[in-house]
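See below for the structure under consideration.
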Amino acid sequence: MAIRHFIAPFQASGDAAPASPSRRQFMGASAGLMVGFWLLPEDLLAADASPAYHPNAFVVIGADNRITLIIPKVEMGQGIYTAIPMLIAEELEVDLAKVVLEHAPPDAKVYGIPFGDQFTGGSTSIRTLWEPMRQSGAAARMVLVQAAAQRWGVPAESCHAEQGTVVHAASGRKLSYGELVEDAAKLPLPTKIPLKPASEFKLIGKPVKRLDAKGKVDGTARYGMDTILPGMLYASVVSCPVFGGKVKSVDDSKARALRGVKQVVKIDNAVAVLAENTWYARQGVAALEIAWDEGPNAHFSTADMRKLMVAALDKPGVVARNDGDALGQIAKDGKAVQRHYVNPMLAHATMEGMNCTVHVKDGTAEIWTGTQVPARAQAAAAKVLGLPQDKVTIHGHLLGGGFGRRLEVDYVEQAAAIAKQVQGPVKVVWTREEDIRHDIFRGYYAHTVTATVDDKGYPVALSHKYSGPSIIARWAPGFLKDGVLDTDAADGSMNCLYGIPHFRSEYVREEGPVMTGFWRGVGPTRNVLVLETFIDELAARAHKDPLEYRLAMLDKQPRAQHVLRRAAQLAGWGAAMPAGTGRGIALMPAWDTFVAQVVDLKVSAEGEVTVQRVVCVVDCGMVVNPNTVAAQMESGIIYGLTAVRYGNITLKDGRVEQSNFHDYPMLRMNESPKIEVEIVKSSEYPGGIGEPATAAIGPAVVNAIYAATGKRLYELPATPELLKEAKVA
Numbered sequence: 019m020a021i022r023h024f025i026a027p028f029q030a031s032g033d034a035a036p037a038s039p040s041r042r043q044f045m046g047a048s049a050g051l052m053v054g055f056w057l058l059p060e061d062l063l064a065a066d067a068s069p070a071y072h073p074n075a076f077v078v079i080g081a082d083n084r085i086t087l088i089i090p091k092v093e094m095g096q097g098i099y100t101a102i103p104m105l106i107a108e109e110l111e112v113d114l115a116k117v118v119l120e121h122a123p124p125d126a127k128v129y130g131i132p133f134g135d136q137f138t139g140g141s142t143s144i145r146t147l148w149e150p151m152r153q154s155g156a157a158a159r160m161v162l163v164q165a166a167a168q169r170w171g172v173p174a175e176s177c178h179a180e181q182g183t184v185v186h187a188a189s190g191r192k193l194s195y196g197e198l199v200e201d202a203a204k205l206p207l208p209t210k211i212p213l214k215p216a217s218e219f220k221l222i223g224k225p226v227k228r229l230d231a232k233g234k235v236d237g238t239a240r241y242g243m244d245t246i247l248p249g250m251l252y253a254s255v256v257s258c259p260v261f262g263g264k265v266k267s268v269d270d271s272k273a274r275a276l277r278g279v280k281q282v283v284k285i286d287n288a289v290a291v292l293a294e295n296t297w298y299a300r301q302g303v304a305a306l307e308i309a310w311d312e313g314p315n316a317h318f319s320t321a322d323m324r325k326l327m328v329a330a331l332d333k334p335g336v337v338a339r340n341d342g343d344a345l346g347q348i349a350k351d352g353k354a355v356q357r358h359y360v361n362p363m364l365a366h367a368t369m370e371g372m373n374c375t376v377h378v379k380d381g382t383a384e385i386w387t388g389t390q391v392p393a394r395a396q397a398a399a400a401k402v403l404g405l406p407q408d409k410v411t412i413h414g415h416l417l418g419g420g421f422g423r424r425l426e427v428d429y430v431e432q433a434a435a436i437a438k439q440v441q442g443p444v445k446v447v448w449t450r451e452e453d454i455r456h457d458i459f460r461g462y463y464a465h466t467v468t469a470t471v472d473d474k475g476y477p478v479a480l481s482h483k484y485s486g487p488s489i490i491a492r493w494a495p496g497f498l499k500d501g502v503l504d505t506d507a508a509d510g511s512m513n514c515l516y517g518i519p520h521f522r523s524e525y526v527r528e529e530g531p532v533m534t535g536f537w538r539g540v541g542p543t544r545n546v547l548v549l550e551t552f553i554d555e556l557a558a559r560a561h562k563d564p565l566e567y568r569l570a571m572l573d574k575q576p577r578a579q580h581v582l583r584r585a586a587q588l589a590g591w592g593a594a595m596p597a598g599t600g601r602g603i604a605l606m607p608a609w610d611t612f613v614a615q616v617v618d619l620k621v622s623a624e625g626e627v628t629v630q631r632v633v634c635v636v637d638c639g640m641v642v643n644p645n646t647v648a649a650q651m652e653s654g655i656i657y658g659l660t661a662v663r664y665g666n667i668t669l670k671d672g673r674v675e676q677s678n679f680h681d682y683p684m685l686r687m688n689e690s691p692k693i694e695v696e697i698v699k700s701s702e703y704p705g706g707i708g709e710p711a712t713a714a715i716g717p718a719v720v721n722a723i724y725a726a727t728g729k730r731l732y733e734l735p736a737t738p739e740l741l742k743e744a745k746v747a
């Protein structure tokens, strides 16, 4: 028979369990004990209140001793398919190798974070699962120990769990978890769940090899791109090159006459050619003769975008933070320092191109894809297909990179619209050109920073005003703070740590014609870049060491001070540098994580920047798997360096000018610097690790360029042309 046992969530040891969940909050497990939990939103994790939440992940302990973790988070290279099982295995006292992962089905009501969505992103996975996963493992262990004790007729205190068994040391008796699950399911739920102190951790905090590595090496790991179905057709797509444009007409006669081409499908803003394989499909696309209705954006350019965002800075915005009277203090100072910055548009350029396979049949649809938002993907496809949501099945896969791109569902909607007109399964794969030109880009932003300083050169007042599109207003309007403030747009500014008596952070929402989305590092990649380079400039104006200048304003921020000091120490801060080289430092405090990076680089006579070394010190609180943290720091640094060196999506006549890696390059192996990562040992609550390194590297590079050349950059990428135009500060 099926055995169901639900362990309710707990805030801390000694708390009473909340009310029992509803019937729909249970899941069946064949001959096993199932443990469920609710995720808590980030701002409630440390709260005392215990509101009612929907369960969104489950542990199933089978009679065969198989432990299955059904998890709503998706693996896209960040290592959570190792770190999250470590949390369960630690408290459940099982071998990590015994934990098997399964993708959760799409259901935001069951698997979503309360008030949010079923998504993976924002460096939230460990932050939101740290306590619930451990509590679930500990609760299940307690029930199993109690079941064994009752069977043996001994006190539970005389028994303990180890390696997936319950042991009665006095008699030497043992029972496996699988032998106990049926008895355990009949026991009352525990109301107190003590968790292990860090001193007793056997797994957490220890370096563990990635559980998904073998499959990725031997090819058994499955990505959306790997989908192959009987009778499947392959679709190649060409979309209107102008933002907001549509298909006016298409002559597909030449395409349909080509070998292997089976069908041509027209949708609102794109045309797809379906063929026996991808090569035939691409040949068919090349043969299409399409007339486009380019719409109102046919002449829009990057220059127009720049004018739009810079002009928006003259408008009143939403005040994200207002300490003291920054504007009043600045107005009284006739020598206030003011600088202007812009952030370019950026593409995601994930290594696995955008793809989605859809099979519509008999009033149902099956979809195979990699997505950071499975419930959204299901809902979006159902809407396009005109089907009830429960008639659409999403088959989740590993993601060959997400970086925020797969938080969007445009590629799923497009594939569904194409498959709706086709008999049999259709695999839609975007070319790299489609991927670059039709990304959901990081938006273009403009900034003005103004400060007045005291007689020692330290800022008394600082105003940071920035304009750009609001991603949250489109993607999750319910998350707008007080209904108006996009906290992502303000992140890295409104939480600036420096002790400045009068500080103002103000955001002006300005939307251009380009759809924008989350890009790895999100708001801090823009705001930390601006503020950290501005602070560096103030230090130079005051003739002070950039490190000591920062430390003097962080006397109430010991964690920030520590990462700065340690990074400087490891990098050899203060040592003389050869001519043409420079060393820069930057601090990144976001996602409850503190990162300091020191960059060594050289600048050639022609203005070519070569980053030689990056020292990164990260304090992300309690660490689950240090291997994962180090890898994420390295990955974020490489991703951020790519943007610093090459990242710039430009527009001309409403079109993206870049198309592939020849004109939107990625950092190559021979360009990668030596990267040294040190992780601070901490007992603080875990912070995020997926995004911080990307946000820290940009300002460290810009500050190092100044140290090498005496020139300040107020926009990126750091090209030879831009450096040639820059003036010595």
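In the working numbering, the protein residues as written are 19 to 747.
A virtual CB, placed ideally from N, CA and C, is assigned to each residue, including glycine.
No experiment lies behind these values; they were computed from the predicted model shown.
According to DSSP, is residue i helix, strand or coil?
| i | result |
| --- | --- |
| F459 | strand |
| P542 | helix |
| E524 | strand |
| Y129 | helix |
| R730 | coil |
| P596 | coil |
| T389 | coil |
| T320 | helix |
| G602 | strand |
| L515 | coil |
| A67 | Its pLDDT being 33, under 50, A67 is placed unreliably by the model, and the measurement read from it follows with that caveat. Residue state, collapsed to three classes: coil. |
| Q281 | strand |
| H415 | coil |
| S488 | coil |
With a 10 Å radius around its C-beta and 16 neighbouring C-beta atoms as the bar for buried, classify residue i as buried or exposed.
| i | result |
| --- | --- |
| S523 | buried |
| G705 | buried |
| V746 | exposed |
| P710 | buried |
| N688 | exposed |
| I707 | buried |
| S485 | buried |
| S701 | exposed |
| D637 | buried |
| A165 | buried |
Would you kindly work out how many angstroms separate the C-alpha atoms of residue i and residue j, rounded to a whole number?
| i | j | result |
| --- | --- | --- |
| F536 | A174 | 50 Å |
| T628 | Q153 | 47 Å |
| V410 | A81 | 32 Å |
| A744 | V621 | 14 Å |
| S319 | E675 | 10 Å |
| G388 | L417 | 5 Å |
| E652 | R423 | 20 Å |
| E426 | Y252 | 22 Å |
| Y129 | G598 | 54 Å |
| A725 | N645 | 33 Å |
| L547 | A604 | 9 Å |
| V399 | V430 | With the sequence shown as reference, residue 399 is identified as Ala, and Val is not the correct amino acid for it. Straight-line Cα distance between these residues: approximately 7 Å. |
| L247 | R577 | 53 Å |
| T86 | N373 | 28 Å |
| G541 | D408 | 35 Å |
| Y657 | N545 | 17 Å |
| G263 | V337 | 35 Å |
| R584 | W591 | 10 Å |
With a threshold of 7 Å on Cβ separation, who are the neighbours of residue i within its own chain once the five nearest residues in sequence on each side are excluded?
| i | result |
| --- | --- |
| A365 | I454, D457, F459, I667 and Y682 |
| V279 | A273, V291, A293, Y298 and G302 |
Keeping to the same chain, check which residues put their C-beta closer than 6 Å to that of residue i; ignore five residues upstream and five downstream.
| i | result |
| --- | --- |
| Q356 | T468 |
| A437 | V376, V378 and V444 |
| L740 | none |
Excluding the 5 residues flanking residue i on each side, which residues of the same chain have their C-beta closer than 8 Å to its C-beta?
| i | result |
| --- | --- |
| K474 | A560 |
Handout entry: Uninterrupted beta strand (DSSP E) stretches inside the segment 631-715 (no shorter than 3 residues)
Key = If only complete runs of 3 or more residues are kept, the segment 631-715 shows the beta strand (DSSP E) at 692-697, in order along the chain.
Problem - Entirely enclosed alpha helix (DSSP H) segments - the segment 127-204, minimum 4 residues - result: Whole alpha helix (DSSP H) segments, 4+ residues: 143-170 and 195-202.
Handout entry: Minimum length 4: unbroken alpha helix (DSSP H) runs contained in the segment 298-354
Key = List check, alpha helix (DSSP H) in window: 320-330 and 344-349.
Practice task
Quick one: which unbroken alpha helix (DSSP H) runs of 4-plus residues sit fully inside the segment 401-451? Chain order, please.
Solution key: Fully enclosed alpha helix (DSSP H) runs of 4 or longer: 428-437.
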